[in-house]
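Engineer:
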Amino acid sequence: MRDQIILQPGTDVPAGVHYLATQRDTAFWGRLPCAADEPVLTVDPGDDVVIDTLSHEGILEDQGSDPLTWFAERGVPDGAVLADAVELTRAARAGEHASRLGVRIPGMPDSPGGHGGHVVTGPIAVRGARPGDLLAIRVLEATPRVPYGVISNRHGRGALPGEYPAGGAPAVSVFASVDDDGRGRIPLSADARSTVGFDLAPFCGIMGVAAAGGERPHSVPPGRFGGNLDINLLGAGTTLYLPVQADGALAYVGDPHFAQGDGEVALTAFEASLRMRLRLDLIPAGEATAMFGELAGPLGETRDFLVPTGLDRDLDVAVQDCVRAAIALLRARYGMDAEHAYAYLSAATDFDISQVVDVVKGVHAKIRKSDFGS
97 MRDQIILQPG TDVPAGVHYL ATQRDTAFWG RLPCAADEPV LTVDPGDDVV IDTLSHEGIL
157 EDQGSDPLTW FAERGVPDGA VLADAVELTR AARAGEHASR LGVRIPGMPD SPGGHGGHVV
217 TGPIAVRGAR PGDLLAIRVL EATPRVPYGV ISNRHGRGAL PGEYPAGGAP AVSVFASVDD
277 DGRGRIPLSA DARSTVGFDL APFCGIMGVA AAGGERPHSV PPGRFGGNLD INLLGAGTTL
337 YLPVQADGAL AYVGDPHFAQ GDGEVALTAF EASLRMRLRL DLIPAGEATA MFGELAGPLG
397 ETRDFLVPTG LDRDLDVAVQ DCVRAAIALL RARYGMDAEH AYAYLSAATD FDISQVVDVV
457 KGVHAKIRKS DFGS
């Protein structure tokens, strides 16, 4: 680990871009911004922003709220622990910026007054953004800040609630590392020296715009505003389109991952801090409708795919909503009629489970752009 780069806050930031660190006055812990929140940064459409995101794993209450100690017990030297993680937990314990870093409950309680575990950075206002427009969050880079992270299951959540964590444990946190070949590694068991390796695909699980109104949403369930979508396709080179709900859009990111399988079955995946370089573009309402139709929720785009989404507490309903969104997109973008769009989707499009662990479950489709000559 000594030879691997640690991106502490503000170090090696490229010139000519806006920079946003995750700190006590730019972060929300367990909540997402709403229309009543003031921006911590204002940019023009098309501007690039570099954001040092911070993972919640290793700093939560059930991990001791002391990242220096928690990571030291897993072999991480003090200099490799991120200073913003240390500072944020200190500020929270001291009760500073309580409106942003106030009472939190680890994990994902269903109660409306509860808080999630995620650290979220923002909001960022985009000049000229109005409800009806689309905000395009273009992911230019997603760079690991550290060579380690955590995969956790807690509170009987995940895809197998009541079965895991096993033996009545309140939480199990598995330490994961990045090897010299840039692959993720976890041990085969708690006391094993042998490991299993897997490829990394960094992305932010949370990208969104402020929800309308004056109430900050819980950080766990995703919604029309985006938020905790956990779509692992949305790494570098992709775009997330979100219907603007508040003046300025008020964009934010968080929940950084090094890797995640579709479904994210254990509650979290390889959670670890990333430096994100984003370009925030604005698509005016009329142009947005011509390009995509009336978007009911988030829409992703990769080099190869258009990625409509469906979100609901019931996975069956989430699938149905995703199919409806895909039909509407094909009608607006390519002029297909509904019956032919439905047939095409059945023959040629995968509908993948984004995640089943965030109260509101997610499904995303992968519509191959090359099938339509684009």
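Mind the numbering: the sequence shown is residues 97 to 470 in the numbering used here, read in order.
All C-beta atoms, glycine included, are put in the ideal place defined by N, C-alpha and C.
#1: Out of S285, M372, A297, point me to the one whose CA is closest to R241's CA.
#2: Does E237 come out as helix, strand or coil in the three-state DSSP assignment?
#3: Who are L402's beta bridge partners in DSSP?
#4: Could you pull out every residue in the same chain whose Cβ sits closer than 6 Å to the Cβ of R120, ignoring the five residues on either side in sequence?
#5: Could you have a look at H193 and say whether DSSP puts it in helix, strand or coil?
#6: Cα-Cα, which of A381, L370, G359 is closest to Q341?
#7: In angstroms, rounded to a whole number, what distance separates the CA positions of E273 and H436?
#8: Quick one: measure Cβ to Cβ for D326 and G458, integer angstroms, because I've assumed they're closer than 8 Å.
#9: To which residues of the same chain is A362 closer than 6 Å at the C-beta, ignoring the five residues directly before and after it?
#10: Tell me whether D275 sits in a helix, a strand or coil according to DSSP, three-state version.
#11: In angstroms with no decimal places, state the Cα-to-Cα distance between D152 and S442.
#12: What residues in its chain sit with their C-beta under 6 Å from that of V270, if we drop five residues either side in the sequence?
#13: Taking its Cβ as the centre, do 16 or more other Cβ atoms sit within 10 Å of P127, making it buried, or is it exposed?
#14: Helix, strand or coil for I201, going by three-state DSSP, please let me know.
#15: Cβ atoms of G322 and P394: under 7 Å apart, would you say?
#16: Per DSSP, what kind of secondary structure is F388 in: helix, strand or coil?
#17: Taking the DSSP output, what are the residues bridged to G302?
#18: Do the region 108-119 and the region 300-318 meet, that is, are 3 or more Cβ pairs less than 8 Å apart?
#19: Determine which residues share a DSSP beta bridge with A345 and list them.
Structural biologist: Answer, in terms of the structure:
#1: Relative to the Cα of R241, the nearest Cα in the group S285, M372, A297 belongs to M372.
#2: In the structure shown, E237 sits in a strand (DSSP, three-state: E or B).
#3: L402 pairs with E397, I463.
#4: For R120, where only same-chain residues beyond five positions count, the Cβ hits under 6 Å are A187, E192, H193.
#5: H193: coil per DSSP, three-state reduction.
#6: In terms of Cα proximity to Q341, the closest of A381, L370, G359 is A381.
#7: Per the sequence presented here, residue 273 reads as Ser, with Glu not at that position. About 47 Å.
#8: The distance from the Cβ of D326 to that of G458 is about 6 Å, consistent with a contact at the 8 Å cut-off.
#9: Non-local beta-carbon contacts of A362 in its own chain, meaning distances under 6 Å to residues more than five positions away in sequence, involve N249, G254 in chain order.
#10: Coil.
#11: Note on residue identity: the sequence assigns His, not Asp, to residue 152. Roughly 39 Å between the two C-alpha positions.
#12: If the five residues before and after V270 are omitted, its C-beta is found closer than 6 Å to the C-beta atoms of I247, I282, all from its own chain and listed in chain order.
#13: For clarity, residue 127 is Arg in the given sequence; the question names Pro instead. R127 comes out buried.
#14: No answer about I201 holds up, because its pLDDT of 37 lies below 50 and its placement is not dependable.
#15: Yes, Cβ-Cβ distance for P394 and G322 is below 7 Å.
#16: Looking at F388 - three-state DSSP - the assignment turns out to be helix.
#17: As written in the sequence, residue 302 is Ile, which differs from the Gly given in the question. According to DSSP, I302 bridges with N324, G350.
#18: They do not touch, by the three-pair rule.
#19: For A345, which the question treats as bridged, DSSP gives no partner whatsoever.
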